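Mapping to UniProt numbering: the sequence shown position 617 is 617, numbers consecutive. Report on the structure given below.
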Amino acid sequence: MLCIALNISEVALAHELTLPRKLQDNKMKFSHRWLENYLDKNLEVNTLSEKLTAAGLEVDSIEAVASPFTQVVVGQIKKIDKHPDADKLNVCEVDVGDDELVTIVCGAPNVYAGMKAPVAKIGACLPGDFKIKKSKLRGQPSHGMMCSQKELGLSDESEGLMDLPVDAPVGVDIREYLQLDDHIVEVDLTPNRADCLSVYGVAREVAALTDAKLKPLDQIKLNLVKGVQKQVVSQVSEACPRYFGRMVYNIDAKAQTPLWMKERLRRSGLRSISAIVDITNYVLLELGQPLHAFDADKVGSTVYARMAKDNEKITLLDETEVTLKSNTLVIADEHKALAIAGVMGGLDSSVTDNTQNIFLESAYFAPKAIAGKARQYGLHTDSSHRFERGVDPKLCQYAIDYAARLIVDIAEGEVSEVVKADHYNETTIQIPLRLNKINSILGMDFSATFVEEVLTALNITLTPVDDTSNEIKWLATAPSYRFDMAIEEDLIEEVGRVYGYQNLPMTLPEVTLSQQQVSEHIITLSALKNTLINRGYHEVINYSFIDPKLDGLFFDTAGLALQNPISQDMSVMRQGLIPGLVSTFKANLNRQQSRIRIFEEGVCFQPAETLAHEYSHFAGLVYGDINPLNWQEKTASDFYSVKADVEALLQLNKKSVNYVACEDIDWLHPGQSAYIYQNGEKVGVIGVLHPSVMKVLQIKGKSPVVFELQTSKISNKDVAKFMAISKYPSVSRDIAVIVDCNISAQSLIDAVNKADVNSLNQVDLFDVYQGENLPENKKSIALNLTFQDNTQTLTDELMNDAMAKILKSLKENTDASLRE
1 MLCIALNISE
11 VALAHELTLP
21 RKLQDNKMKF
31 SHRWLENYLD
41 KNLEVNTLSE
51 KLTAAGLEVD
61 SIEAVASPFT
71 QVVVGQIKKI
81 DKHPDADKLN
91 VCEVDVGDDE
101 LVTIVCGAPN
111 VYAGMKAPVA
121 KIGACLPGDF
131 KIKKSKLRGQ
141 PSHGMMCSQK
151 ELGLSDESEG
161 LMDLPVDAPV
171 GVDIREYLQL
181 DDHIVEVDLT
191 PNRADCLSVY
201 GVAREVAALT
211 DAKLKPLDQI
221 KLNLVKGVQK
231 QVVSQVSEAC
241 PRYFGRMVYN
251 IDAKAQTPLW
261 MKERLRRSGL
271 RSISAIVDIT
281 NYVLLELGQP
291 LHAFDADKVG
301 STVYARMAKD
311 NEKITLLDET
321 EVTLKSNTLV
331 IADEHKALAI
341 AGVMGGLDSS
351 VTDNTQNIFL
361 ESAYFAPKAI
371 AGKARQYGLH
381 TDSSHRFERG
391 VDPKLCQYAI
401 DYAARLIVDI
411 AEGEVSEVVK
421 ADHYNETTIQ
431 IPLRLNKINS
441 ILGMDFSATF
451 VEEVLTALNI
461 TLTPVDDTSN
471 EIKWLATAPS
481 YRFDMAIEED
491 LIEEVGRVYG
501 YQNLPMTLPE
511 VTLSQQQVSE
521 HIITLSALKN
531 TLINRGYHEV
541 INYSFIDPKL
551 DGLFFDTAGL
561 ALQNPISQDM
571 SVMRQGLIPG
581 LVSTFKANLN
591 RQQSRIRIFE
601 EGVCFQPAET
611 LAHEYSHFAG
621 LVYGDINPLN
631 WQEKTASDFY
641 SVKADVEALL
651 QLNKKSVNYV
661 ACEDIDWLHP
671 GQSAYIYQNG
681 EKVGVIGVLH
691 PSVMKVLQIK
701 GKSPVVFELQ
711 TSKISNKDVA
721 KFMAISKYPS
731 VSRDIAVIVD
741 CNISAQSLID
751 AVNKADVNSL
761 NQVDLFDVYQ
771 GENLPENKKS
781 IALNLTFQDN
791 TQTLTDELMN
801 DAMAKILKSL
811 KENTDASLRE
């Protein structure tokens, strides 16, 4: 039987945002040509891929920017006439750089005189092996085809011809003009490498891995003007150590984004939206510094970085209104919250086509202040993705200058000085580094010169240590953008990474085997598991967090809620294992499993005033026949068959077990459930799942039997004490007593043991009768008593005395009378 432990959350697909996009993965996508702008030599794309992957930045895919096509050039429409026989067609005279104009029939809706667009000449071959030939459309000759982005394989959708800039040179091959001989590289980054979530960051890494040199960032020169300026205040300097802002006046919000910028954004997985938004996205991709632009006329005179007020509301750019929590860092003015800091801006202060003045934000938010906040509101954006992992705090000034220059170049405008709330104090951590430790871990014999070259190439500052008595060779200081360097092993990893893991020698580790000493008083977890596995159970593993509705179905006290749950149906820590087993049971039942015997061992969490208490539990669930389908036996599992499995577990510790009916657990069937006691201590519960629970969970069929035990209370066992076998014969006596119907057999056995008869060895129940020849509300219970003494033969006199004591104890404790 295949048992599958399922805990599946439903994931709703988010609608596409206008500002900013929501991330679907943790990958960095960029153009190969864009990367080469920062290197002094070109690297073949496959070589680049091998270098990055070998260094731990796994390249997931490399794809061409455009599908292959030939003989497509920049053309300009000189004249347009309506087609005489077709209302939706135009006859265009097009300059393609040849001596004469060519006539092309075009049906695109956006065609106009003077337009520049890609033109496929006669003999051209477009993606999909579509060849361009001379043709006639409704009687008019057509010598080529004007193309859209979709027809060139640059986009999945297109509303008309690809409208090229007015300065596009006529007759130039479109592949050359758009630099389509390029590749899109997608890198899957580990969470610790936030420094590579930018094109410049990847280029910096490539320069360290190869002999290519990294080009410095351009110097930014701006003509600053004075005007009405905002003030900035950070009320939470630990969460927001740096907040830079500047005004840009009189912008053209309707300006068109340059084609080169649109293409770089497209090749990085972002679509062009508007000039201002495109510029902030471009800077984010190129440098790794998230920016945000506010409509300055919708913002008060002072901009604050502060914590949100309880139940404060904001409508975000995706038009959803959220109620903020007090642990959320926000950007606000005197009247309201303007943005969730580092995550998403507000709709009310967003830039529109009518915006004239903008307030540009460039900030450093501490990773701990942003971590989890986006997920708390069901968001995940490019900004939060970077701030959660760490953004270079030294990048704020350059990024805001760079963005301002791009805005002036593209959307005009006048730039003010930067206003700052700067509480950032750079703290440098010096990490001791030993050369012999590097060589010991990597299994090499690197020279100090080589180590210095590698780490210096990664911008790690090395200060030599004169006193080598403690074997420390250098004190290393990591650059401000490397948040993942804190200990010596981090630096050793960098040496091995740059040298190449594949170049390190392969050596087998030395392993010293030692036998684990297990106390005879301890029952191992594997012994418990093997006991159930040998009885036909399968082990399952469920999540430690479950749906609060499912938790509330089994427990009166609310479970410990997670601050940043993966989803709503996995938002509280489990208080017991049975809810998860029931979910697994339902999943298997829905997959046509008719016989289910599963168990789980795991930690459960009990809410407390401070920290939660953790307990290890052992639980099982049984449904269907006792044995697999066969012709000989078809007996369904019930309370007693599962009780036998539980006793097999408990017999491992050689302690006495008894059961007490429980009526206070509403999710178990009354009369078919019991608390489990061992040596007088409650250790668990067993019972049939209540039909009402089955109904709520929409599970059809017979209720399963479940049990749950506290692992710590059943793991200690009494060591067997060996005694000599008695030379004297045993004596067996049967008695049948009449008791009230509410008296349990266990209470009779307890009463017999209380008689304090030393020769009594064993008490067994062998018959229960209720019916004719008995008074109403009475039942007869028959017990077999076994006696044996180690010092003498049991005579009739001794036996009669023993039986008298037993009958007296039964009368006193259970009001039992001997059945005639």
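Note that the Cβ used here is the ideal one computed from N, Cα and C, for glycine as well. This one's a predicted model, so the numbers in the text were calculated from it and none came from an experiment.
Inter-residue CB distance, residue i and residue j (contact presumed, cutoff 8 Å)
| i | j | result |
| --- | --- | --- |
| residue 825 | Ile460 | This structure cannot speak to residue 825, because the chain is shown only from 1 to 820. |
| Ala369 | Ala239 | 4 Å |
| Gln71 | Lys121 | 5 Å |
| Asp569 | Asn653 | Contact flag wrong, Cβ pair sits at about 38 Å. |
| Val248 | Asn357 | 7 Å |
| Pro118 | Val91 | Their Cβ separation, rounded to whole angstroms, is 19 Å, which puts Pro118 and Val91 out of contact at 8 Å. |
| Val683 | Ile714 | 6 Å |
| Gly342 | Pro290 | 7 Å |
| Ala363 | Thr280 | With a Cβ gap of about 13 Å, Ala363 and Thr280 do not count as contacting. |
| Ala337 | Glu312 | 6 Å |
Residue environment, residue i, which counts as buried when at least 16 other CB atoms sit within 10 Å
| i | result |
| --- | --- |
| His335 | exposed |
| Ile77 | buried |
| Trp34 | buried |
| Cys147 | buried |
| Gln24 | Per-residue confidence for Gln24 stands at a pLDDT of 43, beneath the threshold of 50, marking its modelled position as unreliable; the derived number appears in the next sentence. Looking at its Cβ environment, which holds fewer than 16 other Cβ atoms inside 10 Å, Gln24 is exposed. |
| Ile184 | buried |
| Lys808 | exposed |
| Cys741 | exposed |
| Val696 | exposed |
| Arg138 | exposed |
| Gly171 | exposed |
| Trp260 | exposed |
| Val518 | exposed |
| Leu329 | buried |
When the options are compared against residue i, the one with the closest alpha-carbon
| i | options | result |
| --- | --- | --- |
| Met803 | Val757, Glu494, Tyr769 | Val757 |
| Asn86 | Glu489, Trp667, Cys106 | The sequence given here places Ala at residue 86; Asn does not occur at that position. When only C-alpha atoms are compared, the closest one is Cys106. |
| Val283 | Ala399, Pro367, Met694, Gly201 | Ala399 |
| Gly500 | Ile410, Leu52, Asn46, Lys29 | Leu52 |
| Gly496 | Tyr769, Ile533, Met444 | Met444 |
| Tyr304 | Arg242, Asn627, His385, Ser155 | Arg242 |
| Val642 | Cys396, Val660, Thr449, Tyr537 | Tyr537 |
| Ser571 | Ser594, Ile546, Pro579 | Ile546 |
| Asp664 | Phe554, Pro367, Arg267, Arg271 | Phe554 |
| Val351 | Thr315, Arg306, Lys298 | Lys298 |
Secondary structure of residue i, DSSP reduced to three states
| i | result |
| --- | --- |
| Lys811 | helix |
| Tyr249 | strand |
| Gly580 | helix |
| Tyr112 | coil |
| Met803 | helix |
| Leu23 | Its pLDDT being 42, under 50, Leu23 is placed unreliably by the model, and the measurement read from it follows with that caveat. It is coil, neither helix nor strand. |
| Ile596 | strand |
| Gln149 | coil |
| Met694 | helix |
| Arg389 | helix |
| Gln376 | helix |
| Thr103 | strand |
Host alpha helix (DSSP H) of residue i (start-end)
| i | result |
| --- | --- |
| Ala124 | Where Ala124 is concerned, there is no enclosing alpha helix (DSSP H), although the beta strand (DSSP E) it sits in stretches over 116-126. |
| Leu748 | 745-754 |
| Tyr402 | 396-411 |
| Ile492 | 488-499 |
| Pro548 | 548-554 |
| His521 | Where His521 is concerned, there is no enclosing alpha helix (DSSP H), given that its DSSP letter is neither H nor E. |
| Ile62 | Careful: Ile62 lies outside any alpha helix (DSSP H), inside the beta strand (DSSP E) at 58-64. |
| Pro367 | 367-370 |
| Asp645 | 639-650 |
Start and end residues, beta strand (DSSP E) containing residue i
| i | result |
| --- | --- |
| Val359 | Sequence inspection shows Phe at residue 359; the Val mentioned does not correspond to that position. Counting along the chain, the beta strand (DSSP E) containing Phe359 begins and ends at 358-364. |
| Gln678 | 668-678 |
| Ser135 | 135-137 |
| Ala736 | 731-740 |
| Glu321 | 321-323 |
Residue-chain proximity (residue i, chain C), Cβ-Cβ < 9 Å
| i | result |
| --- | --- |
| Ala648 | No chain C appears in this structure, which consists of one protein chain only. |
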